[in-house]
Every structure is written in structure tokens, then in C-alpha cells.
Amino acid sequence: MGGGRSVGNECREITIKFVALPTLGVSLALAVGLLLVGCAESPESRINALVSVDTAEASEEVQARLADYQRRVKEDPLNGEHIGNLGITYEIHGYSEEALEAYELATELQPDEMRWPYYHAILLAARFDLDIALEKIDIALARDSDYAPAWLQKGEYLLDNSEFEKALETFVHAQSLTADPYAHLGQALALLELNRPEDALASLNQMASLANHENVQRLRGTALLRMGRREEGSKLLEGLGSATSIRWDDPVAQAKQEHSVDHFGTRLMKVVRLVRAQAYESALQILADLRVESPTNKHVMHLLGTVYEGRGDKQQALNVYVEGMSHHPGFYVFRTAAASIFKEFGDVSAAIKHLDAAIEIDPKLHWAYSQKAQILMEQKQWLSASHLLDQAIGLKDDDPDLYTYLGICLGFMDRWPEAANLYRVAISIDVAHVPSYINLARAETILQNEDEAVKALTAAQNYGASQAMIASVERQRDQIKRMQINTVRQ
-13 MGGGRSVGNE CREITIKFVA LPTLGVSLAL AVGLLLVGCA ESPESRINAL VSVDTAEASE
47 EVQARLADYQ RRVKEDPLNG EHIGNLGITY EIHGYSEEAL EAYELATELQ PDEMRWPYYH
107 AILLAARFDL DIALEKIDIA LARDSDYAPA WLQKGEYLLD NSEFEKALET FVHAQSLTAD
167 PYAHLGQALA LLELNRPEDA LASLNQMASL ANHENVQRLR GTALLRMGRR EEGSKLLEGL
227 GSATSIRWDD PVAQAKQEHS VDHFGTRLMK VVRLVRAQAY ESALQILADL RVESPTNKHV
287 MHLLGTVYEG RGDKQQALNV YVEGMSHHPG FYVFRTAAAS IFKEFGDVSA AIKHLDAAIE
347 IDPKLHWAYS QKAQILMEQK QWLSASHLLD QAIGLKDDDP DLYTYLGICL GFMDRWPEAA
407 NLYRVAISID VAHVPSYINL ARAETILQNE DEAVKALTAA QNYGASQAMI ASVERQRDQI
467 KRMQINTVRQ
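The sequence shown lines up with residues -13 to 476 when you count with this note's numbering.
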């Protein structure tokens, strides 16, 4: 498979460190070092664990394929190729934890092979572990610096990780290695994030055969809006529908499908593409067959729930997620997905229960803290919500939404100077973050900084805030000013 990125122009109003012991000498340090090595898990034990994975939940055909790959490793346990291929087979049949371990081992056993750290990076990124994914993809590129799709993949991860300057440099380098138009698209995405719309437009003009793709047009319209060419930009964005993500060709990644049973993984990824294109009925047909083959596969169940949600059948989606929890209690995705539906159904206690369970499974899920905080904000529990948002920011300090949510909480606690500062932090992360400008305009009005309020509102408009949104904020600002005048008179 190649990679891709959906693009849009949406505005959301969101309210044994060694200590020197000279008297004991070197012998103690050496002994401690040997003890630590002795405590580490050996490659043999790690390999033994890999070939002993319980695959009972898989179909008979998948079990047979996995058993065959496990047998190859047992017969030649230090063969990196066999272990890497076992990792591929685990990954495409739903055993992602085991795949990560296999890729790690294969990387160690075949120090010149780029596939294993590359596959490792792709899988980590799919699990939202971008920092480590970037480390792994750098290992892959050190082993094959001319493989252009890996540079495109790295650029994508840097974009997702809000490292826009590095992303731009990466896509520029990729352009020197490939004629794939995604190198230009990636540059445009990075340039927009860096508030360089003119340069972004120039990159989009080099998209050749993809120039008329809906996502390219959407980016073009966004760039025009940010350049002040509002009429052109609005006209271009008007009526644009959803579209499948633009992808790049990646033969190394595509080669993984050679190890699938009846193209199980291929069909699973086809479902993902159909979901992105909102082709839910077609996705449902494929999932029906996959569910028969592997009725409790967590990825199949998660996608099935996602399709039901997309069709508007929230109760059926919830039923799938709850069933998924019974089979895979440690798969937090079911928990966060179910929490969203419970919240929509008004069952706040159930939503919070599942978010707490997700956080217990993986305490690094910053979005679970954020989800819970938003529920508490709706209940006007500003202090409790602010504590959760502090935790979320500690886990992911480059998400402008988190600072905006926290600013809203502090505003309701009458801590307006701190709130205004948080909105400025959000803007420093994303200069086009409309919700931060909107909330900053309100905060500066309350703080009686009229010039700053007007600047914030103007910026919100320049970055795509609707006229209705601007008018609403102006009405609120008028009310705030009248209240201030009445307070002074009293």
C-alpha cells in the first residue's frame, strides 16, 4: 500500500545511571553491568515467544498460514528473513503487537535490510506512536537512502507530528528522487502549515495529472483564502465533495500482501479506503465476508462499527464495539469509540467509564483525556476538565485544540489573562487555528484590549471563519462591552 492524507478546510468552533564509587573500584561497576545484561530478555526467549502465539481466534486457513511461518522460524530461529516474514504475516492478519516484536528482532538480525525497520515504522504510525515511528524510518533510510516512498512516508509522519519545517525539507528531498506528485502535495501541506500560501499554491500547480483532484482543489481554495483572494477561494471550495486520499506508489509496502491468506489484509485495507471515501455499502459487503472468515478479528470488528456509524446506525455500531470488548478487553479503540456513542446517547457515566478504561489500558492516550475533559466541560465541571487537559498537554504539547479547550475552562473560572495566553500558545502551534482566534477575541474583549481583540477577529476571518461566525462573535463582544459599561456605572 501507499500512503495518503485527507485534506480539508474545516473550521470547528470549540467552545543504573552509574554513580562514581571510587572506593569500590571498577569491579563493582562491571559486576552490575553483567547483572543488567543477565536480566535482559535473550533473543532466544523472544523468538520462542513469537512462535508460541495463540492464533485460535483466526480462521483455520489463517491459523495454517501462521503455523507454517512459525515452523520456518523454529527450524532456523536466527534467520532474520523468516522472522521478518512472520512479522508481516502477523500484521496483516491482525496480530500487531507480535508483528512489532518480530520487526524489531529482524532489524537486529539483518542489519543491512531496510524492510524491517520500514514496516516497523509504518505499523507504529498506524498506532499513533509517531516519535518512535520516525526513529524507525530513519533506520530504514540509513539502510536505503534512495528509496523515495520512504521519504514520502517520513514527510507524512512529520506533518502528523507538527514538525512542518522538517516535513518540507523531507518532501523537497523526495522530489529529487521521484516524479510522484505526492512530493509536491506534501510540500503544499507543509507550506500551508507554515503560513506560506503563495508557495503552497506554486507546489500545487505542479501536481500534473492530479491537479483536478478534489483534495488538491480544496487545498488550492484554502491557499487562495489565506492569500486574501476570498472570492476565488470560496468559489473553488463551493460544492467540493469528499474524495479518497491521494496516495503514492510504495512497492516495498505493497510486497507485504504476498504473505496474506486469500488477500485478507488486502481486503481489510480496501475497506479502509472505502470508509475514507464514505462508500459504506461497498465496505459492508467486504466486511460481511471477512466477519465470516474471522468473526472476532479486532480490526474487522472495529471497521464494522465504523461503517455502521458512518451509515448513521449508532446503536448497531455500539453493539459491535461492546462485543469487541468482550473478545479484546485490552484493545482501547473499542473503548474510545463506544465512549463517543454513549456520550451522544446521553449516557455520560458510561462514556466516562469507557474512557477511564482506555486510559488504564494505555495512559498515553492524550485524546482519551481530551474526550473526557470535553464531557466534563459540557457539565460545567471546569476545574476537573482543566486537570485532564493539563495531563493531555503533558502527553502531546503540540495540539492547539488542547490549549484552546484549557483556555475555555480557565475563562469560565474567570482566569482570563491565563486563558488569553493559552490561545496565543495554540496560535503559535497552528497560525491558522480559527477556534483560538475566536476565543482570543472574546478574551481580549473581556480584558478590554480592544486592538488585540480586533486583530484576533480579523485573523480568524482571514483564515476561513465564516461570516456567520464572525457576526456571532461581534454580537457577543457588544454584549460584553455593554456589561462592562453598566458595571462601571453602578
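Just so you know, even glycine gets a beta-carbon here, dropped at the ideal spot from N, CA and C.
Query: Among 295, 381, 374, the one whose alpha carbon lies nearest that of residue 392; Result: 374
Query: Cβ-based neighbour list, residue 499, same chain, cut-off 6 Å, excluding 5 preceding and 5 following; Result: Because the chain here runs from -13 to 476, residue 499 falls outside it and cannot be looked at.
Query: Residues that DSSP places opposite residue 394 in a beta bridge; Result: Paired residue(s): none; residue 394 is not in a bridge.
Query: Beta carbon of residue 73 nearer than 9 Å to that of residue 86; Result: yes
Query: Residue from 143, 181, 411, 367 with nearest C-alpha to residue 114; Result: 143
Query: Supposed close pair residue 306, residue 291 - CB separation, criterion 8 Å; Result: 4 Å
Query: For residue 466 and residue 432, believed in contact at Cβ under 8 Å, the rounded distance; Result: 6 Å
Query: Rounded straight-line distance, which links the Cα of residue 68 to that of residue 58; Result: 6 Å
Query: Beta-carbon separation (whole angstroms), residue 351 vs residue 327, contact threshold 8 Å; Result: Not really, about 17 Å apart at Cβ, beyond 8 Å.
Query: Supposed close pair residue 501, residue 388 - CB separation, criterion 8 Å; Result: As displayed, the chain neither begins before -13 nor continues past 476, which places residue 501 out of reach and without an answer.
Query: Neighbour-count burial assignment, residue 369, 16 or more Cβ in a 10 Å radius; Result: exposed
Query: Outcome for residue 488 when other beta-carbon atoms lying within 10 angstroms are tallied against a minimum of 16; Result: Nothing in the structure corresponds to residue 488, since the chain is present only between -13 and 476.
Query: Residue 477, DSSP secondary structure in three states; Result: Outside the displayed range of the chain (-13 to 476) lies residue 477, so it cannot be described from this structure.
Query: Cβ-based burial, residue 461 [other Cβ within 10 Å; buried from 16]; Result: exposed
Query: Whole-angstrom C-beta distance between residue 257 and residue 272, which should lie under 8 Å; Result: 5 Å
Query: Within the segment 338 to 380, ranges of the alpha helix (DSSP H) (whole runs, at least 4 residues); Result: 352 to 364
Query: The segment 157 to 171 / the segment 124 to 139 touching (three or more Cβ pairs under 8 Å); Result: yes
Query: Residue range of the alpha helix (DSSP H) that includes residue 293; Result: 284 to 296
Query: Pair within 9 Å by beta-carbon distance, residue 396 and residue 410; Result: no
Query: Segment limits, alpha helix (DSSP H) that includes residue 55; Result: 46 to 61
Query: The segment 327 to 343 / the segment 355 to 368 touching (three or more Cβ pairs under 8 Å); Result: yes
Query: Under 9 Å between C-beta atoms of residue 232 and residue 285; Result: no
Query: For residue 125, the nearest candidate out of 149, 116, 98, 145 (CA to CA); Result: 98
Query: Alpha helix (DSSP H) segment containing residue 205, residue limits; Result: 200 to 212
Query: DSSP-derived helix/strand/coil call for residue 245; Result: helix
Query: Residue 89 (DSSP reduced to helix, strand or coil); Result: helix
Query: Secondary structure of residue 175, DSSP reduced to three states; Result: helix
Query: Exposed unless 16 or more other CB atoms sit within 10 angstroms - verdict on residue 385; Result: buried
Query: Cβ pair count under 8 Å reaching 3, the segment 443 to 452 against the segment 201 to 215; Result: yes
Query: Unbroken alpha helix (DSSP H) run spanning residue 139, endpoints; Result: 134 to 146
Query: Beta carbon of residue 282 nearer than 9 Å to that of residue 314; Result: yes
Query: Inter-residue CB distance, residue 495 and residue 371 (contact presumed, cutoff 8 Å); Result: With the chain represented from -13 up to 476, any question about residue 495 goes unanswered, as that position is not in the structure.
Query: Whether residue 107 touches residue 95 by CB criterion (9 Å); Result: no
Query: The alpha helix (DSSP H) enclosing residue 452, as first and last residue numbers; Result: No alpha helix (DSSP H) holds residue 452; DSSP gives it neither H nor E.
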